[in-house]
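Chemist: Pasting a structure below so you can have a look.
Residue numbers (the working numbering), protein chains in the order written: chain A, 1 to 114; chain B, 115 to 227.
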């Protein structure tokens, strides 16, 4: 078994601020993901990393940067927080990119922008 | 363009009833359909999944019915329990290419004791 840890659990920012969210996994998985969850809109893929040192844009990458520092960690940066923005950012990992493998999710970081 | 759609947006059932959650998709290349269950304050967790070569997958009180011709599937939760109250996401992936899931918008299920 393993676990995905996301920090911080709650993040409050100001409009225009640069904010960084962190994710750590101890599954020893190759592939990691960042999703954004908005109420009524499901999960949308922001960035993913197939292996260490790889970075790929998802469907919602504009306004975000990501960094795969090492195999176990994947960070997401909101480059300029938007006023009244509220969303949950979910990190996930899986064993394999090519063949379907279960994606395991962290508990999320809840962002509020004032 | 919403490639995976779920209905209803929210559903309330009494304890002991069967809850039926619906999902449809557009991309014919999708061939694997996991359902995720999410409790408040937690991340989604895999509940049950079906491959497109099957028309039914059962796991305890949870059953997926799959209709490839109509591109529709449904999750049936029999003998619903208050502990089943959660948000359920239908997802789809075209295996053999990449492990990129497309999620529906979710169904919020409430089970009243």
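Every residue, glycine too, gets a C-beta built ideally from N, C-alpha and C.
As the structure is a prediction and not an experimental result, all values here were calculated from the model.
Confirm, please, whether the CB-CB distance from residue 78 of chain A to residue 64 of chain A is below 8 Å.
Modeler: Position 64 of the first chain, counted from the first residue, corresponds to residue 64 of chain A. Position 78 of the first chain, counted from the first residue, corresponds to residue 78 of chain A. Result yes, Cβ atoms of residue 64 of chain A and residue 78 of chain A sit closer than 8 Å.
Chemist: Grab me the residues of residue 21 of chain A's own chain with a C-beta within less than 6 Å of its C-beta, minus the 5 sequence neighbours each way, in chain order.
Modeler: Here residue 21 of chain A refers to the residue found at position 21 when the first chain is read from its first residue. 76, 89, 109, listed in sequence order.
Chemist: Can you round the beta-carbon distance between residue 161 of chain B and residue 103 of chain A to whole angstroms, since I take them to be within the 8 Å contact cut?
Modeler: The residue given as residue 161 of chain B occupies position 47 in the second chain. The residue given as residue 103 of chain A occupies position 103 in the first chain. Actually they do not touch by this definition, with Cβ atoms about 13 Å apart.
Chemist: DSSP three-state label for residue 229 of chain B, please.
Modeler: With chain B covering only 115 through 227, there is no way to say anything about residue 229 of chain B.
Chemist: I'd like to confirm the pairing. Which residues does DSSP put opposite residue 149 of chain B in its beta bridges?
Modeler: Translated into positions along the second chain, residue 149 of chain B becomes position 35. DSSP output for residue 149 of chain B lists B:162, B:204 as bridge partner(s).
Chemist: Please return the same chain residues whose Cβ sits closer than 7 Å to the Cβ of residue 130 of chain B, not counting the five positions on each side in sequence.
Modeler: Looking up residue 130 of chain B in the second chain gives position 16. The answer, listed in chain order, is 193, 194.
Chemist: In angstroms, rounded to a whole number, what distance separates the CA positions of residue 86 of chain A and residue 11 of chain A?
Modeler: One-based indexing of the first chain puts residue 86 of chain A at position 86. One-based indexing of the first chain puts residue 11 of chain A at position 11. Cα to Cα, the separation comes out at about 10 Å.
Chemist: Hey, out of A:96, A:91, A:113, A:114, whose CA is closest to residue 132 of chain A's CA?
Modeler: Any property of residue 132 of chain A remains undetermined from this structure, which presents chain A solely from 1 to 114.
Chemist: Taking 8 Å as the cut-off, decide whether the C-beta atoms of residue 131 of chain A and residue 203 of chain B are in contact.
Modeler: Any property of residue 131 of chain A remains undetermined from this structure, which presents chain A solely from 1 to 114.
Chemist: CB-CB under 7 Å to residue 72 of chain A, same chain, minus the five flanking residues each way: which ones, in chain order?
Modeler: To locate residue 72 of chain A, count along the first chain from 1; it is residue 72. Once the five neighbours on either side are set aside, the close Cβ partners of residue 72 of chain A are 24, 25, 26.
Chemist: Which of helix, strand or coil does DSSP assign to residue 190 of chain B?
Modeler: In the second chain, counting from the first residue as 1, residue 190 of chain B sits at position 76. Residue 190 of chain B falls in the strand class under three-state DSSP.
Chemist: Rounding to the nearest angstrom, what Cα-Cα distance links residue 121 of chain B and residue 135 of chain B in this structure?
Modeler: Within the second chain, residue 121 of chain B is the residue found at index 7, counting from 1. Within the second chain, residue 135 of chain B is the residue found at index 21, counting from 1. In a straight line, the C-alpha of residue 121 of chain B is about 6 Å away from that of residue 135 of chain B.
Chemist: Name, please, each residue of chain A whose Cβ falls closer than 7 Å to the Cβ of residue 215 of chain B.
Modeler: Translated into positions along the second chain, residue 215 of chain B becomes position 101. Result: 103.
Chemist: Buried or exposed: which applies to residue 218 of chain B, given that a residue is buried once 16 or more other Cβ atoms fall within 10 Å of its Cβ?
Modeler: Start at 1 with the first residue of the second chain, and residue 218 of chain B comes out as number 104. Residue 218 of chain B comes out buried.
Chemist: Give a yes or no on whether 8 Å exceeds the smallest Cβ distance from residue 43 of chain A to chain B.
Modeler: Numbered from its first residue, the first chain carries residue 43 of chain A at position 43. Yes, because at least one Cβ of chain B sits closer than 8 Å to the Cβ of residue 43 of chain A.
Chemist: What residue range does the beta strand (DSSP E) around residue 47 of chain A cover?
Modeler: Here residue 47 of chain A refers to the residue found at position 47 when the first chain is read from its first residue. That run of the beta strand (DSSP E) goes 43 to 49.
Chemist: What residue range is occupied by the uninterrupted beta strand (DSSP E) comprising residue 17 of chain A?
Modeler: As a position in the first chain, residue 17 of chain A is number 17, starting the count at 1. Looking at the DSSP string, residue 17 of chain A is not in any beta strand (DSSP E), and its letter there is neither H nor E.
Chemist: Can you tell me whether residue 19 of chain A is buried or exposed, with buried defined as 16 or more other CB within 10 angstroms of its CB?
Modeler: As a first step, residue 19 of chain A must be located in the first chain, where it is residue number 19. Buried.
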